[in-house]
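Participant: Using this note's numbering, the letters of the sequence shown map in sequence onto residues 10 to 118. To start, I am sharing the structure in question, which I have written as structure tokens.
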Amino acid sequence: MTRAYLGEFEELVLLTVAVLEGQAYGVTVATELKQRTNRTISLSGVHIALYRLEEKGFVLSELGGATTARGGRRKRFFIVTAQGKQTLSEIRDVRNQLWDSIPTTPSLT
């Protein structure tokens, strides 16, 4: 079985969900990504990526409790599945192999 393809943004979102350890929902993921990447992050883009990752089996979600601060709405929290962790590990291994394969060349200066 081959692993599903992850784009760069999906990979970053999946890594961020892993970093947030059970406290990952759309806003926290977007905030963390913005701080760590110094990029403009779209909340709707994060939500799309989270739902794609869930369809692929890399994350699971559950609804938290309703709060008055959110007008009675509930947050959807995400956690990384075993399949998601395995995929992240495989991606890291491939990237490390590629980095380690870059030839060292003497400086021209």
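The beta carbon of each residue, even a glycine, is placed where N, CA and C say it ideally should be.
Could you give the DSSP three-state label for residue 2: helix, strand or coil?
Facilitator: Lying outside 10 to 118, the shown extent of the chain, residue 2 is not represented and no answer is given.
Participant: So the alpha helix (DSSP H) residue 104 belongs to, where does it begin and stop?
Facilitator: Residue numbering aside, residue 104 sits at position 95 when the sequence shown is read from its first letter. Counting along the chain, the alpha helix (DSSP H) containing residue 104 begins and ends at 91–109.
Participant: Measuring CA to CA, which of 53, 21, 31 is closest to residue 47?
Facilitator: By one-based count along the sequence shown, residue 47 stands at place 38. Of the candidates 53, 21, 31, the one whose C-alpha sits nearest the C-alpha of residue 47 is 21.
Participant: Let me confirm a value: residue 35 is counted as buried when at least 16 other C-beta atoms fall within 10 Å, else exposed. Which label applies?
Facilitator: The residue labelled residue 35 in the question sits at position 26 within the sequence shown. It counts as buried.
Participant: Between which two residues does the alpha helix (DSSP H) holding residue 57 run?
Facilitator: In the sequence shown, the residue the question calls residue 57 occupies position 48. From DSSP, the alpha helix (DSSP H) with residue 57 extends over 52–64.
Participant: Evaluate contact between the region 74–84 and the region 98–105, counting only Cβ atoms and requiring at least three cross-stretch pairs below 8 Å.
Facilitator: Cβ pair count under 8 Å is below three, so no.
Participant: Roughly how many angstroms separate the alpha carbons of residue 74 and residue 16, rounded to a whole number?
Facilitator: Along the sequence shown, one-based indexing puts residue 74 at 65. Along the sequence shown, one-based indexing puts residue 16 at 7. In a straight line, the C-alpha of residue 74 is about 32 Å away from that of residue 16.
Participant: Tell me which residue opens and which closes the alpha helix (DSSP H) that residue 27 is part of.
Facilitator: Locating residue 27 in the sequence shown gives position 18, where the first residue counts as 1. Taken as a continuous stretch (DSSP letters only), the alpha helix (DSSP H) holding residue 27 covers 17–29.
Participant: Express the C-alpha separation of residue 112 and residue 63 in angstroms, rounding to a whole number.
Facilitator: As a first step, residue 63 is located in the sequence shown; it is residue number 54 there, counting from the start. As a first step, residue 112 is located in the sequence shown; it is residue number 103 there, counting from the start. Computed Cα separation, rounded: 38 Å.
Participant: I'd like to check one pair, residue 67 with residue 89: are the Cβ atoms closer than 8 Å?
Facilitator: Taking the first residue of the sequence shown as 1, we reach residue 89 at position 80. Taking the first residue of the sequence shown as 1, we reach residue 67 at position 58. Against a cut-off of 8 Å, the Cβ pair of residue 67 and residue 89 comes out as a contact.
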